[in-house]
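Following: one structure in structure tokens, then a few remarks.
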Amino acid sequence: MNKSLATNLAAIALLAAGIYMPDSLYQPYVLNAGIFALAGAITNWIAVHMLFEKVPGLYGSGVIAARFEQFKTAIHKLVMESFFTEENFMKFADTALHSGLDPETLEKSIDFDEQFDGFLKVVAESKFGGMLSMFGGIKVLEPLRDPFKVEFRKRLEEFVAKLDFSHSHSTFEKMQPVIEGLVKGKLDELTAPQVKQILSDLIREHLGWLVVWGGVFGALIGLVSTAITTTLI
Numbered sequence: 042m043n044k045s046l047a048t049n050l051a052a053i054a055l056l057a058a059g060i061y062m063p064d065s066l067y068q069p070y071v072l073n074a075g076i077f078a079l080a081g082a083i084t085n086w087i088a089v090h091m092l093f094e095k096v097p098g099l100y101g102s103g104v105i106a107a108r109f110e111q112f113k114t115a116i117h118k119l120v121m122e123s124f125f126t127e128e129n130f131m132k133f134a135d136t137a138l139h140s141g142l143d144p145e146t147l148e149k150s151i152d153f154d155e156q157f158d159g160f161l162k163v164v165a166e167s168k169f170g171g172m173l174s175m176f177g178g179i180k181v182l183e184p185l186r187d188p189f190k191v192e193f194r195k196r197l198e199e200f201v202a203k204l205d206f207s208h209s210h211s212t213f214e215k216m217q218p219v220i221e222g223l224v225k226g227k228l229d230e231l232t233a234p235q236v237k238q239i240l241s242d243l244i245r246e247h248l249g250w251l252v253v254w255g256g257v258f259g260a261l262i263g264l265v266s267t268a269i270t271t272t273l274i
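The sequence shown begins at 42 in my numbering and counts up one residue at a time.
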């Protein structure tokens, strides 16, 4: 059972307990805690749903699918401006010329964590950064770090195996438009539903905590409001 469903069921159970509880000092506390908990949990659950799905008549819903072009632009910028720079290319070339095209040697010359941090920086500076700040910030992308490093190593081995580094500068000038075209071509293949699925797989689990805390704070608000009302009366 996921966190969102469990929270909603707990709020419903609390509400039902308040409704059927005999009149007593505690009955209004339980009832209002259940009402506010359910309101908070359902509101946040709807908000999470609206991030991924377009709801007719609700402006701003389906924002992830609507912004998928910005997601692709951020990835393109990451690859071309953070990974495939002339400085990095010359580093690879120097390693290849002096040590040969040994994959392990090449991997040791690259700080994969630094490259992933560059990706996080690109995302943080894009409009997605502002959106992610509502759900725990850029750290929600951390689960991608290890899969990214594995995939980057794989692509690096395939890439350098086909290169001639004897004329590094001219090779870079020739390869840059080729790589840019390949990256753009692959990104152009991504559709809005695919981008939505990628981000859904990545952050939906974390967004479940919004529903949990919506229920918790809702219950607390219900208890406090009941206490204030009881005191005033």
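The beta-carbon is built from N, C-alpha and C at its ideal position, and this holds for glycine as well. The model shown is predicted, which means the values in this text are computed figures rather than measured ones.
With H, G and I counted as helix, E and B as strand and the rest as coil, what does DSSP make of residue i?
{"i": "W254", "result": "helix"}
{"i": "I76", "result": "helix"}
{"i": "P63", "result": "coil"}
{"i": "K44", "result": "helix"}
{"i": "T232", "result": "coil"}
{"i": "Y70", "result": "helix"}
{"i": "K162", "result": "helix"}
{"i": "R108", "result": "coil"}
{"i": "L138", "result": "Bear in mind that the predicted position of L138 carries a pLDDT of just 49, short of 50, making it unreliable; the figure below should be weighed with that in mind. Three-state result, L138: helix."}
{"i": "K95", "result": "coil"}
{"i": "D187", "result": "helix"}
{"i": "S209", "result": "Reliability fails at S209, whose pLDDT of 47 lies under 50, so the model's placement of it is uncertain and the value that follows must be treated cautiously. It is helical."}
{"i": "D152", "result": "coil"}
{"i": "S102", "result": "coil"}
{"i": "A57", "result": "helix"}
Would residue i and residue j qualify as a contact pair, given that the criterion is a beta-carbon distance under 8 Å?
{"i": "L56", "j": "G75", "result": "yes"}
{"i": "K44", "j": "V181", "result": "no"}
{"i": "F93", "j": "K237", "result": "yes"}
{"i": "L228", "j": "K113", "result": "yes"}
{"i": "F77", "j": "G263", "result": "yes"}
{"i": "R186", "j": "F157", "result": "yes"}
{"i": "I179", "j": "V164", "result": "yes"}
{"i": "V89", "j": "L248", "result": "yes"}
{"i": "F153", "j": "K190", "result": "yes"}
Can we count residue i as close to the ligand SAH, meaning its CB is less than 7 Å from some heavy atom?
{"i": "E199", "result": "This structure does not include the ligand SAH; it has no bound ligands of any sort."}
Is the number of C-beta pairs between the segment 241–261 and the segment 80–91 that are closer than 8 Å three or more? yes
Any contact between the segment 65–74 and the segment 97–108? By contact I mean 3 or more CB pairs, one from each, below 8 Å. no
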